[in-house]
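J.: I'd like to ask some things about the structure below.
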Amino acid sequence: MEWQTYLKDSDVLDLYKRCKHGYNLTNVWNPCPTCFPKPSKKQVGGDHYKDMAIQPSEFIYRNELNWLQGNAIKYICRHNRKHGSQDIDKAIHYLELLKEWEYEPE
Ligand SMILES: [Zn+2]
3 MEWQTYLKDS DVLDLYKRCK HGYNLTNVWN PCPTCFPKPS KKQVGGDHYK
53 DMAIQPSEFI YRNELNWLQG NAIKYICRHN RKHGSQDIDK AIHYLELLKE
103 WEYEPE
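In terms of my numbering, the sequence shown opens at residue 3 and continues consecutively.
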């Protein structure tokens, strides 16, 4: 018997169109959330922010905080999951820069 009797060409093509989670890869309006997570739902290089109720990056962006404020918050939020007291020192350094540049005229 020929293989065509078991599997039609259209069945094979349909398998190539689907990811392993069953989502149709040609339908850009309904992407697989595992294969194509939204940028706000993924973290590159670690998972030390993933259990937080509000992601530091979203908090910083929505409140329009500046570079120094944002970095201070980032290091405060991750110290107990990443580099410990070094992260606290970095947060303090950003706050010291903020204090110097905002409140101490040259
Ligand atoms: Zn998938």
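Think of the CB as a built atom: it goes at the ideal place given N, C-alpha and C, for glycine as much as any other residue.
A quick note: this is a predicted structure, and the numbers were derived from the prediction, not measured.
Just verifying my parser: in three-state terms, what is the DSSP assignment at ASN73?
T.: As a position in the sequence shown, residue 73 is number 71, starting the count at 1. Three-state result, ASN73: helix.
J.: So the candidates are PRO35, CYS21, HIS85; which of them puts its Cα closest to the Cα of GLY48?
T.: Taking the first residue of the sequence shown as 1, we reach residue 48 at position 46. Per the Cα distances, HIS85.
J.: Just tell me which of ASN32, GLN57, HIS95 has its CA closest to the CA of LYS43.
T.: The residue labelled residue 43 in the question sits at position 41 within the sequence shown. Checked all of ASN32, GLN57, HIS95; the closest Cα to LYS43 is GLN57.
J.: Could you compute how far the alpha carbon of LYS52 sits from the alpha carbon of LEU17?
T.: As a working mapping, residue 52 is identified with position 50 in the sequence shown. As a working mapping, residue 17 is identified with position 15 in the sequence shown. Going from the Cα of LYS52 to the Cα of LEU17 covers about 33 Å.
J.: Buried or exposed for ALA55, please, with buried defined as at least 16 other CB atoms from any protein chain shown within 10 angstroms of its CB.
T.: The residue labelled residue 55 in the question sits at position 53 within the sequence shown. With fewer than 16 other Cβ atoms within 10 Å, it is exposed.
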